[in-house]
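Residue numbers (the numbering used here): 150 to 364. Right, one structure below, let's go through it.
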């Protein structure tokens with residue numbers, strides 16, 4: 150059938166970007182995060198662990214702080230996504246209308262700790278995040294259809310075959326320093342993005358949220 154070529158994404162972002170979609174909703178949905186790396190980049194594995202530490206389950210930092218301690222969000226999770234020529238690490242949260250600024254600020258504060266090398270990430274946190282990530286991978290590969298999908302995706306995007314066992318071995322090799330280093334490398338103001346869906350007029354609310362991004 151031949152092949153179809155696509156133009157690679159050209160990264161041009163040099164400052165934080167804000168996008169607001171006005172919609173009358175019961176809660177405010179936000180996504181905040183950074184541009185990272187494509188699927189074939191070695192830093193991908195450390196970024197996935199970092200996402201798990203930040204918001205990968207009920208024992209993660211952001212879930213504990215935002216939902217359990219402060220009651221700012223109905224839901225919160227962090228994910229690291231990687232595509233053929235682009236990637237992102239982001240946190241999604243469903244926030245109370247009256248607590249939006251506080252919720253965004255807490256997420257940005259946690260990002261800033263990692264960016265500045267002041268996260269105090271522990272070996273216990275790393276181990277927990279690692280097991281969470283491996284557990285999800287193993288669960289996803291319990292049936293033959295998903296296994297076929299996994300190998301097809303890896304071959305298509307990475308042009309190689311990487312077994313689940315090889316992936317787990319790479320995850321197991323990661324250290325606290327590895328996680329801290331990728332955070333400092335990719336958590337930069339110039340690649341920070343915030344998207345908001347809620348009852349906010351973009352023309353009158355942009356300054357309010359841009360101030361949070363610059364703080």
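Here a beta-carbon is modelled for each residue, glycine too, at the ideal position from N, C-alpha and C. Values in this document were obtained by computation on a predicted structure and should not be read as measured data.
For residue 232, count neighbouring C-beta atoms within 10 Å of its own C-beta (all shown protein chains included) and say buried if the count is 16 or more, exposed if not.
-> exposed
By DSSP, does residue 222 sit in helix, in strand, or in coil?
-> strand
Within this structure, are the beta carbons of residue 245 and residue 221 separated by less than 8 Å?
-> yes
8 Å contact criterion, which residue 224 and residue 238 should meet: CB distance rounded | Not confirmed; about 18 Å, so no contact.
Among 270, 261 and 243, which one has its Cα closest to the Cα of residue 201?
-> 270
Coarse secondary structure for residue 237, derived from DSSP in three states = strand
If you run the structure through DSSP and keep just helix, strand and coil, what is residue 150?
-> Interpretation of residue 150 is limited by its pLDDT of 46, a score under 50 that renders its predicted location unreliable; the figure taken from the coordinates is listed afterwards. Here residue 150 sits in coil by DSSP.
What number of angstroms, rounded off, separates the C-alpha of residue 319 from the C-alpha of residue 253?
-> 32 Å
Residue 150, buried or exposed, once every other Cβ within 10 Å from all chains shown has been counted against 16 = For residue 150, the predicted model reports a pLDDT of 46, less than 50, meaning its position is unreliable; a value from the coordinates is still stated below. That one is exposed.
Nearest to residue 182 by alpha carbon, out of 351, 338 and 355?
-> 338
Verify the contact flag: residue 247, CB atom, against every heavy atom of the ligand SAM, threshold strictly below 7 Å.
-> Of the ligands one can find in the structure shown there are none, so the ligand SAM has no counterpart to examine.
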